[in-house]
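For reference, the structure discussed in these notes is given below.
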Amino acid sequence: MTHASHPITLADIARHLDIAFDGDASRPIRGLATLKEAGPDQVAFLANRAYLKDLASTRAAAVLLHPEHGKNCPVPRLETENPYLGYARISQLFDPLRARDVPGVHDTAVVAEDAVLGEGVVIQANAVIESGVTLGAHVVVGAGSVVGADSSIGDGSRLHANVTVCHGVVIGKRVVLQSGCVIGGDGFGFAHDGAGWHKIAQLGGVVLGDDVEVGSCSSIDRGALGDTLIGCDVKIDSQVQIAHNVTIGDHSALAGCVGIAGSTRVGKHCMLGGGVGLSGHLTICDGVQVTGMSLVTNSILEPGVYSSGTGAMNNTQWRKNAVRFKQLDDIAKRLNKLEKNSRSE
Amino acid sequence: MTHASHPITLADIARHLDIAFDGDASRPIRGLATLKEAGPDQVAFLANRAYLKDLASTRAAAVLLHPEHGKNCPVPRLETENPYLGYARISQLFDPLRARDVPGVHDTAVVAEDAVLGEGVVIQANAVIESGVTLGAHVVVGAGSVVGADSSIGDGSRLHANVTVCHGVVIGKRVVLQSGCVIGGDGFGFAHDGAGWHKIAQLGGVVLGDDVEVGSCSSIDRGALGDTLIGCDVKIDSQVQIAHNVTIGDHSALAGCVGIAGSTRVGKHCMLGGGVGLSGHLTICDGVQVTGMSLVTNSILEPGVYSSGTGAMNNTQWRKNAVRFKQLDDIAKRLNKLEKNSRSE
Amino acid sequence: MTHASHPITLADIARHLDIAFDGDASRPIRGLATLKEAGPDQVAFLANRAYLKDLASTRAAAVLLHPEHGKNCPVPRLETENPYLGYARISQLFDPLRARDVPGVHDTAVVAEDAVLGEGVVIQANAVIESGVTLGAHVVVGAGSVVGADSSIGDGSRLHANVTVCHGVVIGKRVVLQSGCVIGGDGFGFAHDGAGWHKIAQLGGVVLGDDVEVGSCSSIDRGALGDTLIGCDVKIDSQVQIAHNVTIGDHSALAGCVGIAGSTRVGKHCMLGGGVGLSGHLTICDGVQVTGMSLVTNSILEPGVYSSGTGAMNNTQWRKNAVRFKQLDDIAKRLNKLEKNSRSE
Numbered sequence: 221m222t223h224a225s226h227p228i229t230l231a232d233i234a235r236h237l238d239i240a241f242d243g244d245a246s247r248p249i250r251g252l253a254t255l256k257e258a259g260p261d262q263v264a265f266l267a268n269r270a271y272l273k274d275l276a277s278t279r280a281a282a283v284l285l286h287p288e289h290g291k292n293c294p295v296p297r298l299e300t301e302n303p304y305l306g307y308a309r310i311s312q313l314f315d316p317l318r319a320r321d322v323p324g325v326h327d328t329a330v331v332a333e334d335a336v337l338g339e340g341v342v343i344q345a346n347a348v349i350e351s352g353v354t355l356g357a358h359v360v361v362g363a364g365s366v367v368g369a370d371s372s373i374g375d376g377s378r379l380h381a382n383v384t385v386c387h388g389v390v391i392g393k394r395v396v397l398q399s400g401c402v403i404g405g406d407g408f409g410f411a412h413d414g415a416g417w418h419k420i421a422q423l424g425g426v427v428l429g430d431d432v433e434v435g436s437c438s439s440i441d442r443g444a445l446g447d448t449l450i451g452c453d454v455k456i457d458s459q460v461q462i463a464h465n466v467t468i469g470d471h472s473a474l475a476g477c478v479g480i481a482g483s484t485r486v487g488k489h490c491m492l493g494g495g496v497g498l499s500g501h502l503t504i505c506d507g508v509q510v511t512g513m514s515l516v517t518n519s520i521l522e523p524g525v526y527s528s529g530t531g532a533m534n535n536t537q538w539r540k541n542a543v544r545f546k547q548l549d550d551i552a553k554r555l556n557k558l559e560k561n562s563r564s565e
Numbered sequence: 221m222t223h224a225s226h227p228i229t230l231a232d233i234a235r236h237l238d239i240a241f242d243g244d245a246s247r248p249i250r251g252l253a254t255l256k257e258a259g260p261d262q263v264a265f266l267a268n269r270a271y272l273k274d275l276a277s278t279r280a281a282a283v284l285l286h287p288e289h290g291k292n293c294p295v296p297r298l299e300t301e302n303p304y305l306g307y308a309r310i311s312q313l314f315d316p317l318r319a320r321d322v323p324g325v326h327d328t329a330v331v332a333e334d335a336v337l338g339e340g341v342v343i344q345a346n347a348v349i350e351s352g353v354t355l356g357a358h359v360v361v362g363a364g365s366v367v368g369a370d371s372s373i374g375d376g377s378r379l380h381a382n383v384t385v386c387h388g389v390v391i392g393k394r395v396v397l398q399s400g401c402v403i404g405g406d407g408f409g410f411a412h413d414g415a416g417w418h419k420i421a422q423l424g425g426v427v428l429g430d431d432v433e434v435g436s437c438s439s440i441d442r443g444a445l446g447d448t449l450i451g452c453d454v455k456i457d458s459q460v461q462i463a464h465n466v467t468i469g470d471h472s473a474l475a476g477c478v479g480i481a482g483s484t485r486v487g488k489h490c491m492l493g494g495g496v497g498l499s500g501h502l503t504i505c506d507g508v509q510v511t512g513m514s515l516v517t518n519s520i521l522e523p524g525v526y527s528s529g530t531g532a533m534n535n536t537q538w539r540k541n542a543v544r545f546k547q548l549d550d551i552a553k554r555l556n557k558l559e560k561n562s563r564s565e
Numbered sequence: 221m222t223h224a225s226h227p228i229t230l231a232d233i234a235r236h237l238d239i240a241f242d243g244d245a246s247r248p249i250r251g252l253a254t255l256k257e258a259g260p261d262q263v264a265f266l267a268n269r270a271y272l273k274d275l276a277s278t279r280a281a282a283v284l285l286h287p288e289h290g291k292n293c294p295v296p297r298l299e300t301e302n303p304y305l306g307y308a309r310i311s312q313l314f315d316p317l318r319a320r321d322v323p324g325v326h327d328t329a330v331v332a333e334d335a336v337l338g339e340g341v342v343i344q345a346n347a348v349i350e351s352g353v354t355l356g357a358h359v360v361v362g363a364g365s366v367v368g369a370d371s372s373i374g375d376g377s378r379l380h381a382n383v384t385v386c387h388g389v390v391i392g393k394r395v396v397l398q399s400g401c402v403i404g405g406d407g408f409g410f411a412h413d414g415a416g417w418h419k420i421a422q423l424g425g426v427v428l429g430d431d432v433e434v435g436s437c438s439s440i441d442r443g444a445l446g447d448t449l450i451g452c453d454v455k456i457d458s459q460v461q462i463a464h465n466v467t468i469g470d471h472s473a474l475a476g477c478v479g480i481a482g483s484t485r486v487g488k489h490c491m492l493g494g495g496v497g498l499s500g501h502l503t504i505c506d507g508v509q510v511t512g513m514s515l516v517t518n519s520i521l522e523p524g525v526y527s528s529g530t531g532a533m534n535n536t537q538w539r540k541n542a543v544r545f546k547q548l549d550d551i552a553k554r555l556n557k558l559e560k561n562s563r564s565e
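Chains as they are written, first to last, in my numbering: chain A, 221 to 565; chain B, 221 to 565; chain C, 221 to 565.
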């Protein structure tokens, strides 16, 4: 699967990374692979010491690595201070999607007459662009995707197939929306009259900053009054739910299955592990990390790492411990009493 | 984003709420906002005492509030016993979607010849209505949505873009289905033959009562034999999973990321917090609330509030406590022994 | 909803199960039902002793049951060692979808000129088949589904409506993909440069073995370099997230809302309960069961049942216990001290 539709050479790669290279720079490279699996037409990288053991025997065309490991490399090397970043940057050269984008509007796409399309826009089969939409230069709208009325999408953004952008959503530049995600569905707002529920029309929108990514099947709800705000360079994995009027600061990353309830504000450079849940109306300051599947019910005002829950264990042992959890307050009180008795003896 | 395509006046709003109003009723209103942010062409509301501090300085055109706060309001007032309900009701006046609905079937929509379409139906671009479908009056089917064979949708319901209603699903009146949701996918049923799995065809359907809402990317599976049953006025948030043959009573509300396993019965007026999981084959009686991310493995037969799990804490402290959880049964036994020794002294 | 478009007789059912039958084999059967609800034109089954009480009064046309219960059956019987498996097998006869499949490509579907379509393929309205795709014999692609460039789908597989298969995905035979699922969205891979994130192009693919099922709105991400690998006969429920480079062994089953982080390897014949979360880079051996909503942060190298968390309890009691969890390390230390004092007395 790692291939490209045009030949890329080691010279191209070195130039892309702005790195000097003194091997056979004209060698065509088919793709990237691990040190262990790379063949002579693939570039490998060493970004984690755990794989240092595979360096000596690699068959790669060249290896991207930190200068400190250069002397142990049996093949031509591409030296850089941050090899993982280097890998990220050259991975883009091999993305087959890029080569396939042919500017134009597919015959079966439906584009409103008043939509404004930037230069080089690609609109694929059966996509729908509703009235009042603005698409920036080189925006790609995948097959079956829908962009709702009055929304705008910035230059260089890509909607994969079957994405839904609802009405009145503002999307920045170079944003990537994976298939099945929904940006701007109604927030969950209802008033109770004592007998049942009355829907509150969700009149706000969603604003995604530049360089945001949203994973497959994730949903970001529109605001009730003001907008739901996702900062620049925020990375959101698959199956994530972001409720109405949430704010997420720049450069934060949310792993799969995270859920954030309404009006919570997450700071910049935060990292939420998979399955983390944040209650509504909280403030999470900059630089907070929450480990997987933790539940956060109070604001966090100090940077650091936060956790809840307990890891899995053998079910037989777990049953014994879990039943004791229900006695925990009693256990603590009995311990207090014993200590008191002990001290008074 | 809070706008409407036709001018709405304070008189319209007062009439909609059946409230007397003695200010300049002809003033055009552009939308709704909070007390703090409302400008002179917006209506604000006071539904939570926490915002009482913003009342004196509001610049709103009028404020919707309880009569007890009327005397402190510096601008014209709309007095009502339940301001939050009033807000819900007038929010509908400003929903821009409503104004955009133009009855008719888009050229690119595919509608089976034998489908029955009620008066004023709106079928948007690239939607698909399969054979045997019945759509009630004023039903809206968004772009890219699919309604499967033999399903029926009641008057006034709205499917946003890219919704999937599978075959043989029955949907009530005024139901709202957000983008990306799937109603009637197969339930998860397989029989094991000792070596592997054999699929059980899911022959039941799904019935959604009147006034149900289903959030973005949520899924409600069809029954194995009988139907999955969602009562009237049930509100379901985004990323929720409801398995086959689940029953949910009228007026219950499920927050984001809830998962309910097969054949569980949830009563009326229940509220499940975000991320709650219910095991299969349980009975949850009327009037039960479960707090966020709790796991329910036994039936609940008394109304009340139920919880599990523990909230997040600093990771360093959490590690120390979490490791003790695995010793909890041992701790309890040692405490028992100490108490016994203490009593025997 | 349990119906079929052509009359099925008891003889058809007995022949399908390869069972001798000595009642009126020509009786037409409308469908399947429980012992309690079956009418004289339905077949019932007894697969769980909990329902033995309903056997004596059943009105079913015939009952599928174990020979040991044959003597208690008041109506004609279909005896088999594994009645639940028998039910699974005959349920297929009544699936209304099968009868509706009419081979051919709908006028509004978009099929690339170079796509290769097997015999009897069904491509429904507004589906999109991109360049380089191969569809095996009798593949069904539902309305609005998209199959990305260079992907292949094996004989007899079915994509329900609004499914997304991204580019370069390999899908086996007899695979079922429920609506709204996404196979091959980008994995969540970014390198940090100290200031922000750089996307790592996800150059691997996804391979689904034969007889896999994927539930509604689930997502399986493509690999970063190598492929994400789902073995044969793996059953995946709705709202599940499988990250890049995960491997799942044959015959494993994942219930709703499971999340598996990157590069984790799950063995064969594993069962993950609803909402289970597995951290990244773990190894889970064959034959592991994990109960609902457990968090697994370490590899599991012994078959067995594993659990974490605690079940829901009354909120008032829960609050008292949950606060003690935060004192648990302190409680354990104090207990140690008391024991020490006690021994030294």
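For each residue, glycine too, the CB sits at the ideal point set by N, CA and C.
In this structure, the straight-line span from the alpha carbon of Ser527(A) to that of Glu433(A) is close to 25 Å. Restricted to the region 516 to 561 of chain A, the beta strand (DSSP E) segments that are unbroken, complete and at least 3 residues in length are 524 to 527, listed in chain order. In this structure, Val508(C) and Pro523(C) form a Cβ contact; the two beta carbons are roughly 6 Å apart against a cut-off of 8 Å. At a cut-off of 7 Å, the C-beta of Gly476(A) has no neighbouring C-beta in chain B. A straight line joining the alpha-carbon of Val525(A) with that of Asn535(B) spans about 5 Å. Here His501(C) is exposed: its Cβ has fewer than 16 other Cβ atoms, across all protein chains shown, within 10 Å. Put simply, the CB of Ser483(B) is far from chain C, with every gap to its CB atoms at 7 Å or more. Interface with chain A (7 Å Cβ-Cβ cutoff): Lys540(B) is excluded. The three-state secondary structure of Leu284(A), taken from DSSP, is strand. Within the model, the alpha-carbon separation for Ala245(C) versus Asp375(C) is close to 33 Å.
Apart from the 5 residues on each side of it in sequence, Ser372(B) sits with its Cβ closer than 6 Å to the Cβ of Thr354 and Val390 in its chain, given in chain order.
In this chain, the alpha helix (DSSP H) harbouring Ser311(C) covers Pro303 to Ser311. Counting of Cβ neighbours within 10 angstroms places Glu333(A) among the exposed residues, the total staying below 16.
Take Tyr271(C), set aside five residues on each side of it, and the residues of its chain with a beta-carbon closer than 6 Å to its own are Leu255, in chain order. Residues of chain C with a Cβ closer than 8 Å to the Cβ of Met533(B) are, in chain order, Lys546. Neighbours of Leu502(A) across chain B, judged by C-beta separation under 9 Å, do not exist; the nearest C-beta is about 11 Å away. The continuous beta strand (DSSP E) containing Arg297(C) extends over residues Arg297 to Glu299.
Runs of the alpha helix (DSSP H) lying entirely within the region 229 to 289 of chain A and spanning at least 4 residues, in chain order: 230 to 237. Residues of the region 235 to 268 of chain A with a C-beta less than 9 Å from any C-beta of chain C: Gly251, Leu252, Ala253, Thr254, Glu257 and Ala267, listed in chain order. Under the three-pair Cβ rule at 8 Å, the region 401 to 421 of chain A counts as touching the region 424 to 443 of chain B. Here Val466(A) is buried, its C-beta having at least 16 other C-beta atoms within 10 Å. Proximity of Gly497(A) to chain B, defined by a Cβ-Cβ separation below 7 Å, is satisfied. At a cut-off of 7 Å between C-beta atoms, Val486(B) does not count as an interface residue with respect to chain C. When Cβ-Cβ separations below 7 Å define contact, Ala332(A) makes no contact with chain C. Counting along the chain, the unbroken alpha helix (DSSP H) around Ala319(A) starts and ends at Pro316 to Arg320. Setting aside the 5 residues that flank it on each side, Gly338(A) is surrounded in the same chain by Leu355, Gly356 and Ala357, each with a C-beta closer than 6 Å to its C-beta; the list follows chain order. Look at Ser439(B) here: in three-state DSSP terms it is strand.
Check the Cα spacing between Arg235(C) and each of Gly306(C), Arg269(C) and Ala481(C): the tightest is with Gly306(C).
Residue contact with chain A for Leu492(C): absent (no Cβ-Cβ distance below 7 Å to any residue of chain A). A residue is called buried once 16 or more other Cβ atoms fall within 10 Å of its Cβ, and Gly414(A), having fewer, is exposed.
Arg563(B) sits in a helix when the DSSP states are folded into three classes.
Assigned with DSSP and collapsed to three states, Lys291(A) falls in helix. Taken through DSSP and simplified to helix, strand or coil, His412(A) comes out as strand.
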